[in-house]
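Remarks on the structure that follows.
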Amino acid sequence: MLSHPELFDLSIAHMDCDAFYASVEKRDNPELADKPVIIGGGRRGVVSTACYVARIRGVRSAMPMFQALQKCPEAVIIKPRMEEYAKASRAIRAMMEELTPDIEPLSLDEAFLDLTGTARLHGAPPAVMLARLVKRMSDELGLTGSIGLSHNKFLAKVASDLDKPRGFSVIGKAETDAFLRDRPVSLIWGVGQVTRDALGQAGIRTFADLLRWNRADLSARFGSMGDRLWHLARGQDRRRVSAHAPVKSISNETTFHEDTSDWHVLDGHLWRMCEKVADRAKAKGIAGRVVVLKLKRRDFSLISRRQSLRDPTQLADTLYRTARGLFDQVGDEGPYRLLGAGLSDLVPEARADLTPDLLDPEANQRARAERATDEIRAKFGSDAILKGRAIR
Amino acid sequence: MKVSIERGTLLKAVSQAQSVVERRNTIPILANVLIEAADDKAQFRATDLDIEVVDQAPAQVERSGATTVNAVTLHEIVRKLPDGALVTLTEEPGSGRLTVEAGRSNFQLATLPREDFPVMPASDYAANFSAKSDVLRRLFDKSKFAISTEETRYYLNGVYMHVAEGEGGQTLRCVATDGHRLARIDADLPQGAETMPGVIVPRKTVGELRKLLDDDDTPIAVSVSETKVRFATEDITLTSKVIDGTFPDYSRVIPSGNTRKMEVDAKEFASAVDRVATVSSERSRAVKMQLDEDRLILSVNAPDSGAAEEELGVAYGDDKLEIGFNAKYLLEIASQVDRENAVFLFNSAGDPTLMREGNDTSAIYVVMPMRV
């Protein structure tokens, strides 16, 4: 059992399910229990989740599938069953909602919870309620999770990762500085390879290095990120747990079965990605002002292009035409292994597609056709009507 | 080189040069102005590789020669010198320094060799003609607001100057559009312009050209080829590459069947639009126009910040109409009207609207409505 001087004072938590997709699969198929299980799409895809048996063999999420299979040839590969995971996620969400209304889901299998001021209501402090939550998840759903409990989101997320699986870790205020001092800055969510390299060039590898910088210098060198780093170095994070974290962008991408530079194939993928993004934007009632195109070459190098629209859009047609323009600008840099499209700088849909293009009189008709298509698909299914280029 | 020039004359020549020079330059010589002194004249030449301007000024040349020096610095110095001063520019051969002297002021500026300065190669022009300053001024002034800044549609980043078939025969026509509004301005075709190829004059060139054009009938020598355009006054020659692209067929977007006609005092209309738009802070502010028998109601409804309404007396005799526009676009086209009433011709709330000044079809504007 666990004891900590601040255990009953801390109330910001991060709950992270353990190998969520794999755990759902193992729960539904007991034969898999002690086998290495990898969830991911196809031979060319990447690992989306690996169970702990597979992780012992060195398989990590986001690893290309061929690499995972080199490390663990006998692994059972399962195509993701998103509906099942979503169902399990909803059940967990319902359990969390009994604890607090302030839940900020980050994905299907992790969420922040703010239990501040709930001790009286529940007759037990947050730590106890969270321990009950994971026990209930295990008893009723057959799924395990790890809890991080601290005084802000940054530390709660760090804590939940300390003792996985089935972990329960606490970082109190008093020990924050000592805890962080010798840890690498890559601990910070959002610090990837690029930022890590930039920080490394400035001689910043650990939190202790970061503490030696003053605030103005950090801001001057790293922009808005610098200010955030300054606070995080001191274990400060004032972001609230918010149930309605605004969506910042919508994007979809696909990794091909085989690398391709075939214009027709890429164009077909581009249309499908744009259609998916537009579908999601329409479902959420939002639109975007910036169109983003993402391409990954054979050597994994990334090409990313963006274009601002004068009028925000949620139409697949506009999105596709703009992304196609960006694609044509990139030129012949293939073969590519991945293609993605997205919308960012989001606004409510009431402000989208207000002014048609004078030089493209047919755009209006295409927009009407798209709306009509949407209605048909809503009634008869998404395959009821397709564009020719969608089947390339 | 040793040359003396009156401060005011020098300032005028240098300011034209320094405005062409790109502010952020990776090639040092492009930040410089080439000064050439010979035969009682000093020539100032600056370029950004797309535009070249050559300005000529009368001078007392003691020793002819040529050198290059930072355009912005020279301009700043001359600007700060007292009016009426005589400025002497001296470079001793091989010194690498230009001395600028006026009264008791003395400046030393680093120079770069004139041989490094890129001079735009001469071209053969397909058409050479003379146009009056005020005519060119009107053509570009009334069209430039509609130039697009969208980089992907680079062929819209300028004014399309070409020969067109107008109502009264051939005209010299300037068209600009950004896909939301369009301006089409006509002038009588000057003699010699008939063979001119249509060219897209870039936005920056339009800005530089504008500085040469006074509101009078000074003749401007215009030369046009497929790739370049040149405008010259007695003292200044502006040469520019044109945009390498095809301007879209704009004629099909100019509505010809719009019959619902509204006539309004342009100034009154613009002020009213400006007033009602105040309540909205959005980037694209929509103004709703409700038209009924001789009455126009302008309104803005911004759910987050407020609402505004204003009524205007207009001449309108057609069916009721409700149509929305971007406030900025309405203001811009209304401000082009300077003599008569603004005449709007509508079709429906979803179709392009046409605006002109009275019955004058030599300047027409098309604006796309906005869903409100």
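Chains as they are written, first to last, in our numbering: chain U, 767 to 1158; chain A, 1167 to 1538. All C-beta atoms, glycine included, are put in the ideal place defined by N, C-alpha and C.
Is tyrosine 787 of chain U closer than 8 Å to serine 814 of chain U when the C-beta atoms are compared? yes
Measuring only the C-alpha atoms, how far is valine 1439 of chain A from glutamate 1476 of chain A? 9 Å
Enclosing beta strand (DSSP E) for histidine 1328 of chain A [first to last residue]: 1324 to 1332
Any chain A beta carbon closer than 8 Å to threonine 1121 of chain U: yes
With a 10 Å radius around its C-beta and 16 neighbouring C-beta atoms as the bar for buried, classify leucine 776 of chain U as buried or exposed. buried
Alpha carbon to alpha carbon, how far is arginine 1350 of chain A from asparagine 1294 of chain A? 23 Å
Backbone CA spacing between phenylalanine 1397 of chain A and histidine 1346 of chain A [nearest angstrom]: 30 Å
With a 10 Å radius around its C-beta and 16 neighbouring C-beta atoms as the bar for buried, classify asparagine 980 of chain U as buried or exposed. exposed
Rounded to a whole number of angstroms, what is the C-alpha to C-alpha distance between glutamate 1257 of chain A and aspartate 1290 of chain A? 35 Å
Taking Cβ-Cβ distances shorter than 9 Å, what residues in chain A pair up with asparagine 1130 of chain U? Gly1516
Within the segment 915 to 959 of chain U, ranges of the alpha helix (DSSP H) (whole runs, at least 4 residues): 919 to 926, 942 to 947
Determine contact between the segment 1207 to 1217 of chain A and the segment 1367 to 1384 of chain A, defined as no fewer than three beta-carbon pairs at a distance below 8 Å. yes
Below 9 Å on C-beta distance, what does proline 1127 of chain U contact in chain A? Arg1418, Val1419, Pro1518
Among U:Glu1136, U:Arg1103, U:Gln1095, U:Ser1148, nearest to tyrosine 1320 of chain A - alpha-carbon criterion: U:Gln1095
Starting from histidine 1023 of chain U, follow the beta strand (DSSP E) in both directions and report where the run begins and ends. 1015 to 1026
Alpha carbon to alpha carbon, what distance is there between leucine 1068 of chain U and aspartate 1025 of chain U? 14 Å
Report the neighbours of methionine 1536 of chain A on chain U: residues whose CB is nearer than 8 Å to its CB, in chain order. Leu1120, Thr1121
Using the Cα positions of phenylalanine 1066 of chain U and valine 819 of chain U, report the straight-line distance between them to the nearest angstrom. 28 Å
Length of the line joining the Cα atoms of aspartate 1460 of chain A and valine 1480 of chain A: 5 Å
Within 7 Å of chain A by C-beta, residues of the segment 862 to 893 of chain U in sequence order: none
Alpha-carbon to alpha-carbon, arginine 1426 of chain A and arginine 1522 of chain A: 14 Å
Residues, ordered as in the chain, of the segment 1080 to 1101 of chain U that lie near chain A by beta-carbon distance below 7 Å: Gly1091
Would you list the residues sitting across from leucine 879 of chain U in a DSSP beta bridge? U:Ala779, U:Ile869
Pick helix, strand or coil for lysine 1178 of chain A, following the three-state DSSP scheme. helix
Could you name the residues of chain U that leucine 1348 of chain A contacts, counting a contact when the two beta carbons are closer than 8 Å? Leu1124
Of all the beta strand (DSSP E) runs that stay within the bounds of the segment 1045 to 1124 of chain U, which reach a length of 3 or more residues? 1052 to 1063, 1068 to 1079, 1102 to 1114
With distances taken Cα to Cα, identify the nearest neighbour of alanine 1330 of chain A among A:Asn1323, A:Gly1324, A:Arg1339, A:Leu1322. A:Arg1339
Counting only the same chain and skipping the five closest in sequence on each side, list residues whose C-beta sits under 8 Å from that of glutamate 850 of chain U. Val790, Asp794
Taking CB distances under 8 Å as the criterion, tell me whether alanine 1342 of chain A reaches chain U. no
Which residue wins for smallest C-alpha separation from tryptophan 955 of chain U, given the options U:Asp927, U:Arg978, U:Asp948, U:Phe934? U:Asp927
Using a Cβ-Cβ cut-off of 8 Å, state whether glutamine 1073 of chain U counts as contacting chain A. yes
Own chain, CB closer than 7 Å to aspartate 784 of chain U, minus 5 neighbours either side, in chain order: Thr910, Gly911, Ser912, Lys930, Pro931, Arg932
May I ask you to report which of helix, strand or coil DSSP gives leucine 1379 of chain A? coil
Do we get a CB-CB distance below 8 Å when we pair proline 1259 of chain A with the residues of chain U? no
Beta-carbon separation (whole angstroms), proline 1363 of chain A vs valine 1390 of chain A, contact threshold 8 Å: 6 Å
Would glycine 1358 of chain A count as contacting chain U if we go by Cβ distances under 8 Å? no
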